[in-house]
Amino acid sequence: MNKLRLLLKYLEPYKWSAFRNILYNILSALFALFSYTMVIPFLKIMFNRMEPAPYPGEFQLNAEYLSAAARYYMTSLIDKHGETTALLLVCLVVVVASLFKNGFIFLANNSMAYIRSCTVRDLRKKMYDKVLRLPLSYFTEARKGDIMTRISNDVQEIEISVVSSLTMLFRDPLYIMIFVTYLFVTSTRLTIFALLLLPVSGWLIGRASRTLRSSSFVGQQFLGKLLSAVEETLTGLRIIKGFNAEEKMQKQFSQTNIHYSKVFKRITRKAYLASPISEFLATIVLMIIMYFGSTLAMKGVGNLDQERLIAFLVVFSQIIQPAKNITTAWFSIQKGMASVDRIDQVLEAPEKIAEKADALPIRDFKESIEFRGVWFAYNNEPVLKDINLKILKGQTVAIVGKSGAGKSTLADLLPRFMDVDKGAILIDGIDIRDLKIRDLRNLMGIVSQQPILFNTSFRENIAFGVDTHSQEQVEYSAHIANAHEFITDTEDGYESTVGESGNKLSGGQRQRISIARAIMANPPILILDEATSALDTESERLVQEAIVNLMKNRTSVVIAHRLTTIRHADLIVVIADGKIVETGTHDELIGRKDGYYNKLHCFQTP
635 MNKLRLLLKY LEPYKWSAFR NILYNILSAL FALFSYTMVI PFLKIMFNRM
685 EPAPYPGEFQ LNAEYLSAAA RYYMTSLIDK HGETTALLLV CLVVVVASLF
735 KNGFIFLANN SMAYIRSCTV RDLRKKMYDK VLRLPLSYFT EARKGDIMTR
785 ISNDVQEIEI SVVSSLTMLF RDPLYIMIFV TYLFVTSTRL TIFALLLLPV
835 SGWLIGRASR TLRSSSFVGQ QFLGKLLSAV EETLTGLRII KGFNAEEKMQ
885 KQFSQTNIHY SKVFKRITRK AYLASPISEF LATIVLMIIM YFGSTLAMKG
935 VGNLDQERLI AFLVVFSQII QPAKNITTAW FSIQKGMASV DRIDQVLEAP
985 EKIAEKADAL PIRDFKESIE FRGVWFAYNN EPVLKDINLK ILKGQTVAIV
1035 GKSGAGKSTL ADLLPRFMDV DKGAILIDGI DIRDLKIRDL RNLMGIVSQQ
1085 PILFNTSFRE NIAFGVDTHS QEQVEYSAHI ANAHEFITDT EDGYESTVGE
1135 SGNKLSGGQR QRISIARAIM ANPPILILDE ATSALDTESE RLVQEAIVNL
1185 MKNRTSVVIA HRLTTIRHAD LIVVIADGKI VETGTHDELI GRKDGYYNKL
1235 HCFQTP
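Following this note's numbering, the numbering of the sequence shown begins with 635 at its first residue and continues without gaps.
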């Protein structure tokens, strides 16, 4: 029930719509009850059992007065206009009551539809916003396909299984309470007997639903694996084909698909049990009540006569469908709670990158960047160990080392994509954890080995993150990045789309658009993470020219495997096994014959 309360808290902004829904449901239930109880005068008139009744006196709001008044006015009508007219009036009253009942049902459903759509919308937004707030370290462990499943399929499952059940949960308990109240007024003994049978039915239904939630959780996990497999296949299709690995991938996908199919069949089978089980048990309960009630009516126990017994059975039969609905809703909620659990895992994931309430603004970079005793670990495995480094304004500092040495991690710590475990990073003497995150990141431009482009136009990709810009600024940035020529060669120029992840462009073109984006942002600090690896000679020349243009009058942190690209850096920092092992200029480090940098240089020099 804690997870259900978690979901219900999203209803709080729409509590007035919920109150209206409850009011409309109460009114519809009262009109429904009124129309059902009209069977009593109908049967009495039809079988000529309507006895004369005295004038009931002044109006009183209680069941006895209303019953006496109904008998008085009905007998008066029969005396004046005959039984046929009285029957016609009863039928018309039932029609009018039904009209009001269904009108209020429409209003209740309309208000609930608003609540449902807004709740699901808010849940999706919370999931998306949470993903944007989570640190990058979270995504090193979580599969993209699984996260996509949680945002799309799990939210949809909640909409179908849980939120759609809110209609029944808001309406049917009210119907049952109002109808049961009438049953107690009609015959307390028979009602108590009927209610004693219901817990037995509920227990049997509950046993069938217990395993549904766990099966649904497993099913959503397998669905996440399926989507991850599809995402990996689409991303790595060139490699799969190049290594003739189609059969291997087919087998892996088929195994996961078969597992999901088996779990889905179990879930479906258990879900389909809900309605047949509840209907069968309801029939048994109704027959037992009919037998017991008939014996009470024949013995004349209480005020239960034949007509009241029929009305009792009619009203009780109307409880069966709401009870079935609650049962179905319970099964559905148990199924959907697995998705609530999975979504809650994301929403409750710790946001390690938090901004202090009194965070300081920073508008410009003036002096230096300093790594002071920095430690960082992934899953308790140290990646950076006691890093001490000072970068002065205007310097180009290159970070080199083997793959896995911690170079990219060092770059990710600077804009606070992740936070240090020990030590501090300072900009102009201020710990970056004391700065406003937005201001901190506005100081930096990032160009990575794998440029991230969005499926929009060249213009929108270059101006990404810049709220106000002109076409001249966009074109100027593209010129500096050596991108203007190939952009204008496209059919729509700067309004041409780049394709999903920039798949319409070559690697060098994507890189130059990424550089143009950094130029457009005009940051004082640049982070170039392996920006020229995996490019052909001509593309690398154009990209290198763009980088040189980009780095002018800026402080740059360059991470590269190719040592030739950082020959003119003001300072080269060599990292091995998470530690700084050497620092100096290219010439200084080459002069150390037994140094780590010299060995790397010799290894790369033919």
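Here a beta-carbon is modelled for each residue, glycine too, at the ideal position from N, C-alpha and C.
Beta-bridge pairing of residue 1004 - partner residues as DSSP gives them: Stepping through the sequence shown from its first residue, residue 1004 is reached at position 370. Residue 1004 is bridged to 1024, 1060.
Integer-rounded CB distance, given that residue 938 should sit under 8 angstroms from residue 931: For the purposes of this step, residue 931 is identified with residue 297 of the sequence shown, where counting begins at 1. For the purposes of this step, residue 938 is identified with residue 304 of the sequence shown, where counting begins at 1. Right, their Cβ atoms sit about 5 angstroms apart.
Contact belief for residue 1152 with residue 1160 at Cβ below 8 angstroms, rounded distance in angstroms: Residue 1152 sits at position 518 when you count from the first residue of the sequence shown. Residue 1160 sits at position 526 when you count from the first residue of the sequence shown. 7 angstroms between Cβ atoms; contact.
The segment 1056-1063 / the segment 992-1009 touching (three or more Cβ pairs under 8 angstroms): yes
Reduced DSSP secondary structure (H/G/I, E/B, other) of residue 1090: Stepping through the sequence shown from its first residue, residue 1090 is reached at position 456. Here residue 1090 sits in coil by DSSP.
Classification of residue 980 by the beta-carbon crowding that lies within 10 angstroms, buried from 16 upward: In the sequence shown, counting from the first residue as 1, residue 980 sits at position 346. Result: buried.
Cutoff 8 angstroms; reference residue 1050; Cβ partners in own chain excluding five residues on either side: Here residue 1050 refers to the residue found at position 416 of the sequence shown. Closer than 8 angstroms at the Cβ level, and outside the excluded window around residue 1050, lie 987, 1066, 1067, 1071, 1074, 1075.
Under the three-state DSSP convention, the category residue 1162 falls into: Residue mapping note: residue 1162 aligns to position 528 of the sequence shown, counting from 1. Looking at residue 1162 - three-state DSSP - the assignment turns out to be strand.
DSSP three-state assignment for residue 995, whether helix, strand or coil: Counting from 1 along the sequence shown, the entry for residue 995 is found at position 361. Reduced to three states, the DSSP call for residue 995 is coil.
CB contact flag (residue 1204, residue 1081, <9 angstroms): Taking the sequence shown and counting its residues from 1, one reaches residue 1204 at position 570. Taking the sequence shown and counting its residues from 1, one reaches residue 1081 at position 447. Not closer than 9 angstroms, so no.
Residue interval of the alpha helix (DSSP H) (run including residue 747): Stepping through the sequence shown from its first residue, residue 747 is reached at position 113. Taken as a continuous stretch (DSSP letters only), the alpha helix (DSSP H) holding residue 747 covers 717-767.
Nearest neighbour of residue 1147, chosen from 1108, 1158, 752, 1157 [CA to CA]: Position 513 of the sequence shown, counting from 1, holds the residue named residue 1147. Cα-wise, what sits closest to residue 1147 is 1108.
Length of the line joining the Cα atoms of residue 1219 and residue 1200: Translated into positions along the sequence shown, residue 1219 becomes position 585. Translated into positions along the sequence shown, residue 1200 becomes position 566. Cα to Cα, residue 1219 sits roughly 10 angstroms from residue 1200.
Completely contained alpha helix (DSSP H) runs for the segment 1115-1156, where each covers 4 or more residues: 1118-1122, 1141-1155
N- and C-terminal bounds of the alpha helix (DSSP H) containing residue 785: Along the sequence shown, one-based indexing puts residue 785 at 151. No alpha helix (DSSP H) holds residue 785; DSSP gives it neither H nor E.
Bounding residues of the alpha helix (DSSP H) (the contiguous stretch that carries residue 1222): For the purposes of this step, residue 1222 is taken as the residue at position 588 of the sequence shown. Start and end: 1220-1224.
Span separating the alpha-carbon of residue 913 from that of residue 960: The residue labelled residue 913 in the question sits at position 279 within the sequence shown. The residue labelled residue 960 in the question sits at position 326 within the sequence shown. Cα to Cα, residue 913 sits roughly 12 angstroms from residue 960.
Unbroken beta strand (DSSP E) run spanning residue 1080, endpoints: Reading the sequence shown from its first residue, position 446 is the one you call residue 1080. It spans 1078-1082 - the beta strand (DSSP E) in which residue 1080 sits, taken as one unbroken run.
Close beta carbons around residue 1016, own chain, < 7 angstroms, minus the five adjacent residues each side: The count along the sequence shown starts at 1 and reaches residue 1016 at position 382. If we look at residue 1016 and ignore the five residues flanking it on each side, its Cβ neighbours are 1009, 1212.
Sheet register partners of residue 1011 (DSSP bridge): Locating residue 1011 in the sequence shown gives position 377, counting from the first residue. In the DSSP output, where bridge partners are listed per residue, residue 1011 has 1016.
Terminal residues of the alpha helix (DSSP H) in which residue 1205 lies: Position 571 of the sequence shown holds residue 1205. Segment 1205-1210 is the beta strand (DSSP E) holding residue 1205; no alpha helix (DSSP H) there.
Buried or exposed (CB count within 10 angstroms, at least 16 for buried), residue 826: The sequence position of residue 826 within the sequence shown is 192, counting from 1. Per the 10 Å Cβ criterion, exposed.
Best match in 824, 791, 1114 for proximity to residue 943 [C-alpha to C-alpha]: As a first step, residue 943 must be located in the sequence shown, where it is residue number 309. Checking every option, the nearest Cα to that of residue 943 belongs to 824.
Where residue 1036 sits in the DSSP three-state scheme: Here the question's residue 1036 lines up with position 402 in the sequence shown. Coil at residue 1036, not helix or strand.
Nearest candidate by alpha-carbon position, reference residue 1114, set 1184, 758, 673, 1144: Start at 1 with the first residue of the sequence shown, and residue 1114 comes out as number 480. Comparing Cα-Cα distances from residue 1114 to each of 1184, 758, 673, 1144, the minimum goes to 1184.
Close beta carbons around residue 1099, own chain, < 8 angstroms, minus the five adjacent residues each side: Counted from its first residue, the sequence shown places residue 1099 at position 465. Closer than 8 angstroms at Cβ, skipping near neighbours: 1151, 1155.
Residue 1079 beta carbon less than 9 angstroms from that of residue 995: In the sequence shown, the residue the question calls residue 995 occupies position 361. In the sequence shown, the residue the question calls residue 1079 occupies position 445. Not in contact: residue 995 and residue 1079 (Cβ atoms no closer than 9 angstroms).
Rounded C-alpha distance that separates residue 1236 from residue 1175: Here residue 1236 refers to the residue found at position 602 when the sequence shown is read from its first residue. Here residue 1175 refers to the residue found at position 541 when the sequence shown is read from its first residue. Going by the C-alpha atoms only, they are around 23 angstroms apart.
Proximity of residue 985 and residue 764 at Cβ, strictly below 9 angstroms: Taking the first residue of the sequence shown as position 1, residue 985 is located at position 351. Taking the first residue of the sequence shown as position 1, residue 764 is located at position 130. Yes, they are a contact pair.
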